[in-house]
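Here is the structure we will look at.
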Amino acid sequence: MSEITLSVKGLKKTIGKKEIIKGIDFDLKRGEVFGFLGPNGAGKTTTIRMLVGLIKPSAGTIEIGGYNVRKNFTKAMAQMGCIVENPELYSYLTGWENLEHFARMLPEVDRDYMNYVVELVRLDERIHDRVSTYSLGMRQRLGIAQALLGKPKVLILDEPTNGLDPMGIREMRNFIRYLAEEEGLTVLVSSHLLSEIQLMCDRVAIISKGSVIKVDYVENLLALQEKVIWHAEPRDTAKEILGGVTTVSDGADGALVTPYFENESAIWNRMLVEKGVQVNEMNRKLPALEDLFLELTGGETID
Amino acid sequence: MINLVRNEMLKIVRKKRILIVAGIIAVLVALFTYSQYREIERRLERFGDVDWRTTLQQQIIDTQNRITSSGISDEWKSELQLRIQQQQYYLDNNVNPMEPGAPSFARVFAEHSINLFLPLMIMVVAADIVSSERSAGTVKLLLTRPVKRWRILMSKYITLILSVSTIVVLFGVLSYLISGLIFGYQGWAAPVITGFNVEGNELNTNAVQMIPQWQYLLMEFSLVWFVALIVGTITFMLSVLIRNTPAGMGVMLAALISGAILSNMVSSWEQAKYLFMINLNLTGYLSGQAPPIEGMTLGFSLVVLAVWGLAALIVSFAVFIRQDIY
Chain A
1 MSEITLSVKG LKKTIGKKEI IKGIDFDLKR GEVFGFLGPN GAGKTTTIRM LVGLIKPSAG
61 TIEIGGYNVR KNFTKAMAQM GCIVENPELY SYLTGWENLE HFARMLPEVD RDYMNYVVEL
121 VRLDERIHDR VSTYSLGMRQ RLGIAQALLG KPKVLILDEP TNGLDPMGIR EMRNFIRYLA
181 EEEGLTVLVS SHLLSEIQLM CDRVAIISKG SVIKVDYVEN LLALQEKVIW HAEPRDTAKE
241 ILGGVTTVSD GADGALVTPY FENESAIWNR MLVEKGVQVN EMNRKLPALE DLFLELTGGE
301 TID
Chain B
1 MINLVRNEML KIVRKKRILI VAGIIAVLVA LFTYSQYREI ERRLERFGDV DWRTTLQQQI
61 IDTQNRITSS GISDEWKSEL QLRIQQQQYY LDNNVNPMEP GAPSFARVFA EHSINLFLPL
121 MIMVVAADIV SSERSAGTVK LLLTRPVKRW RILMSKYITL ILSVSTIVVL FGVLSYLISG
181 LIFGYQGWAA PVITGFNVEG NELNTNAVQM IPQWQYLLME FSLVWFVALI VGTITFMLSV
241 LIRNTPAGMG VMLAALISGA ILSNMVSSWE QAKYLFMINL NLTGYLSGQA PPIEGMTLGF
301 SLVVLAVWGL AALIVSFAVF IRQDIY
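Going down the list, the protein sequences come from chains A and B. Per UniProt numbering, the very first residue in the first sequence carries number 1; after that it's consecutive. Per UniProt numbering, the very first residue in the second sequence carries number 1; after that it's consecutive.
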């Protein structure tokens with residue numbers, strides 16, 4: 001699990017005088033799903049395009065499977081499959097012809113493997129139809145099939161669930177988990193949807209205005225934020241008592257918010273009851289990344 | 001590389017571009033064949049079945065009358081004079097300049113198509129060869145494969161050369177086959193006079209030689225192919241530079257049409273001879289037409305076109321390899 005498959009160091013991009021990406025570092029390990037989270041315009045797509053060699057970085061290095069993308073482009077690309085934004089394939093060709101087209105750009109892809117990939121993305125029934133007749137979900141899957149043709153170590157998917165229906169989103173999620181867990185791929189997924197990242201990823205990098213604010217395991221980030229919401233009468237007394245033992249902040253609807261610590265919360269509750277405070281509701285809240293995000297970015301909006 | 005070229009050929013074939021071009025050529029050839037057929041019929045009606053010498057003599061007299069009439073520009077006058085001298089030369093040497101038959105039709109049709117019609121057809125194929133990948137977004141997949149960018153562009157350029165050659169061959173074959181239905185397929189060996197030199201207002205016939213028509217056609221179609229290749233290369237560059245296919249086509253169209261118009265009115269603007277679109281009429285040198293600007297020769301035009309083509313190719317590769325794809 002510790003093999004590093006993608007390594008980014010000090011990545012910068014300047015367009016004109018404007019620094020769009022301000023120095024990004026992260027390492028991806030084998031078999032993990034890594035989330036790239038940020039609002040639209042944070043620099044996710046620019047970063048991904050630099051990773052896949054579409055945009056030249058102004059500074060910094062990118063290594064895929066140990067090969068530098070700038071110095072050793074073909075070897076680095078051979079380790080990687082990607083979909084950048086929408087899966088744009090040749091709509092006037094059939095799915096199979098598209099796969100053949102991209103297979104011809106790789107050193108050696110045998111037909112058995114192509115069939116295997118087609119089955120993997122469950123397109124075997126429609127693979128000989130023209131892509132223009134495909135639904136968005138099917139195109140997305142064909143895009144992934146295309147990305148898998150070269151047996152990559154790293155799969156980079158930009159907004160893979162964009163435009164999919166709930167069913168399709170769940171399928172995609174399961175599929176990505178499967179690729180990471182069973183096939184041992186490193187999957188880099190970008191999204192502006194926090195719920196997606198939360199459900200799909202092992203680790204996440206939160207990116208805002210061109211820099212990475214935080215990189216951590218999803219569980220850690222969430223644990224950091226676990227809270228207890230109190231509804232108690234009289235409110236002021238309760239706030240005073242809790243304030244004596246921990247940090248209290250005001251929540252919505254006159255609620256009081258304190259951090260959650262196992263055991264501690266029960267003791268605090270007893271203190272309140274003993275002092276004659278009526279505790280109407282005590283709610284442990286597993287926060288969404290959403291709150292964390294707002295906190296980290298200082299209220300920058302995310303949709 | 002062969003695999004890459006195969007990919008590109010697949011795309012061109014599947015987009016049916018060459019088929020469309022072949023269709024347009026077929027329709028136009030049929031159209032011109034018919035109009036020429038009508039022309040011949042009309043002449044038969046008027047003069048009866050007369051010898052071509054009589055017709056040519058009549059044409060010379062007609063042209064002479066036009067020259068003497070007032071209200072004709074000096075430029076036009078000298079061009080008509082040249083034509084008379086040329087026709088007279090044909091007459092003196094007992095060679096029919098318009099030997100009926102499919103080869104003659106193909107020869108004249110190519111002569112008239114070289115500076116506008118054929119370049120337009122090339123443009124149809126070449127204009128979106130790179131830009132369509134960009135507007136459809138497929139370039140992102142193409143350029144993230146383990147293949148260097150210059151190889152991808154090279155495969156596209158090779159494909160362009162193949163397509164251009166196919167179109168030129170189709171052009172020749174179609175005009176031969178279709179016109180032959182009416183004029184017959186004979187006339188390969190008919191003599192054609194070439195090597196006229198225009199010096200000022202004088203027709204210099206020192207270097208003139210008579211060659212069989214098939215040889216002339218071979219020379220002519222080589223020149224046509226060269227022009228098509230250069231026009232294709234310049235369109236290719238525009239396709240790299242301009243993302244938007246219609247915009248790229250518009251630029252090329254403007255250049256080609258301005259060339260066709262300028263050729264008739266730039267005789268006093270000498271620097272214009274370095275523009276590629278003024279130099280497209282290579283077949284004119286074979287048949288002995290006056291060049292758009294005095295002093296232009298076949299060699300000069302070939303060099304100008306080659307320089308333009310080479311520059312376009314260098315620009316295409318330099319830009320494509322460095323370009324950031326957003």
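Backbone N, C-alpha and C fix where the C-beta goes; we use that ideal spot for every residue, glycine too.
For residue 185/A, go through chain B and note every residue whose CB falls closer than 8 angstroms to its CB, in chain order. Walking along the first sequence from the start, residue 185/A turns up at place 185. The premise fails here: residue 185/A is roughly 16 angstroms from chain B at the closest Cβ pair, so nothing lies under 8 angstroms.
Determine whether the beta carbon atoms of residue 79/A and residue 55/A lie at a separation below 8 angstroms. On the first sequence, residue 79/A is found 79 positions in, with the first residue counted as 1. On the first sequence, residue 55/A is found 55 positions in, with the first residue counted as 1. Cβ distance not < 8 angstroms, so residue 79/A and residue 55/A don't count as in contact.
Where the stretch 50–74 of chain A meets chain B: residues whose CB sits under 7 angstroms from a CB there: 52, 53, 54, 55, 56, 73, 74
Residue 98/A in three-state terms, based on DSSP: Walking along the first sequence from the start, residue 98/A turns up at place 98. Residue 98/A falls in the helix class under three-state DSSP.
Distance between residue 17/A and residue 244/B (C-alpha atoms, nearest Å): Here residue 244/B is taken as the residue at index 244 of the second sequence, counted from 1. Here residue 17/A is taken as the residue at index 17 of the first sequence, counted from 1. Residue 244/B and residue 17/A: Cα-Cα distance of roughly 27 angstroms.
Reducing DSSP to helix, strand and coil, say where residue 123/B ends up. Here residue 123/B refers to the residue found at position 123 when the second sequence is read from its first residue. Of the three classes helix, strand and coil, the one that applies to residue 123/B here is helix, per DSSP.
Count the other CB atoms, across all protein chains shown, that sit within 10 Å of the CB of residue 208/A; report buried if there are 16 or more and exposed otherwise. Start at 1 with the first residue of the first sequence, and residue 208/A comes out as number 208. By the 10 Å Cβ count, residue 208/A comes out buried.
Residue 189/A: first and last residue of the uninterrupted beta strand (DSSP E) it sits in: Looking up residue 189/A in the first sequence gives position 189. Element bounds for residue 189/A: 186–191.
For residue 25/B, the nearest candidate out of 13/B, 160/B, 98/B, 173/B (CA to CA): Reading the second sequence from its first residue, position 25 is the one you call residue 25/B. Minimum Cα distance to residue 25/B is reached at 173/B.
Looking at chain B, is there any beta carbon in it that lies within less than 8 angstroms of the beta carbon of residue 108/A? For the purposes of this step, residue 108/A is identified with residue 108 of the first sequence, where counting begins at 1. So, not an interface residue.
DSSP bridge partner residues for residue 231/A (one or two, in chain order): Within the first sequence, the letter at position 231 stands for residue 231/A. In DSSP, residue 231/A forms a bridge with 281/A.
Distance between beta carbons of residue 189/A and residue 157/A, contact taken as under 8 angstroms: On the first sequence, position 157 is the one that residue 157/A refers to. On the first sequence, position 189 is the one that residue 189/A refers to. 5 angstroms between Cβ atoms; contact.
Under 8 angstroms by beta carbon: chain A residues contacting residue 325/B: Residue mapping note: residue 325/B aligns to position 325 of the second sequence, counting from 1. In chain order: 49, 54, 55.
Under a three-way DSSP split, which group does residue 254/B fall into? The count along the second sequence starts at 1 and reaches residue 254/B at position 254. If DSSP states are grouped into helix, strand and coil, residue 254/B belongs with the helices.
Compare the C-alpha of residue 202/A against each of 77/A, 192/A, 181/A and name the closest. Looking up residue 202/A in the first sequence gives position 202. The shortest C-alpha separation from residue 202/A is found at 181/A.
Following the continuous beta strand (DSSP E) through residue 29/A, name the residue where it begins and the one where it ends. The sequence position of residue 29/A within the first sequence is 29, counting from 1. Its beta strand (DSSP E) spans residues 18–29.
Endpoints, alpha helix (DSSP H) assigned at residue 114/A: Position 114 of the first sequence, counted from the start, is the residue given in the question as residue 114/A. Unbroken alpha helix (DSSP H) run through residue 114/A: 111–120.
Determine whether the beta carbon atoms of residue 191/A and residue 35/A lie at a separation below 8 angstroms. One-based indexing of the first sequence puts residue 191/A at position 191. One-based indexing of the first sequence puts residue 35/A at position 35. In this structure, residue 35/A lies closer than 8 angstroms to residue 191/A by Cβ.
Taking only three categories from DSSP, how would you classify residue 328/B? The structure shown has nothing for residue 328/B, since chain B only spans 1 to 326.
Residue nearest to residue 211/A in terms of C-alpha spacing, selected from 30/A, 41/A, 257/A, 244/A: In the first sequence, counting from the first residue as 1, residue 211/A sits at position 211. If we check each option's Cα against that of residue 211/A, 41/A comes out closest.
is_contact[residue 314/B, chain A] using C-beta, thresh 8 angstroms: Locating residue 314/B in the second sequence gives position 314, counting from the first residue. Answer no: the Cβ-Cβ gap between residue 314/B and chain A never drops below 8 angstroms.
For the putative contact between residue 46/A and residue 83/A, defined by C-beta atoms under 8 angstroms, what is the C-beta separation to the nearest angstrom? As a working note, residue 46/A is residue 46 in the first sequence. As a working note, residue 83/A is residue 83 in the first sequence. The Cβ separation is near 16 angstroms, so there is no contact.
Please report the straight-line C-alpha distance between residue 249/B and residue 169/A, rounded to a whole angstrom. Translated into positions along the second sequence, residue 249/B becomes position 249. Translated into positions along the first sequence, residue 169/A becomes position 169. The straight-line gap from Cα to Cα measures roughly 41 angstroms.
Which of the residues in the stretch 258–283 of chain A, read from start to end, lie with their CB under 9 angstroms from any CB of chain B? none
Distance, residue 121/B Cα to residue 172/A Cα: For the purposes of this step, residue 172/A is identified with residue 172 of the first sequence, where counting begins at 1. For the purposes of this step, residue 121/B is identified with residue 121 of the second sequence, where counting begins at 1. About 45 angstroms.
Closest Cβ-Cβ distance between residue 89/A and chain B: below 8 angstroms? Your numbering for residue 89/A matches position 89 in the first sequence. Interface residue, yes.
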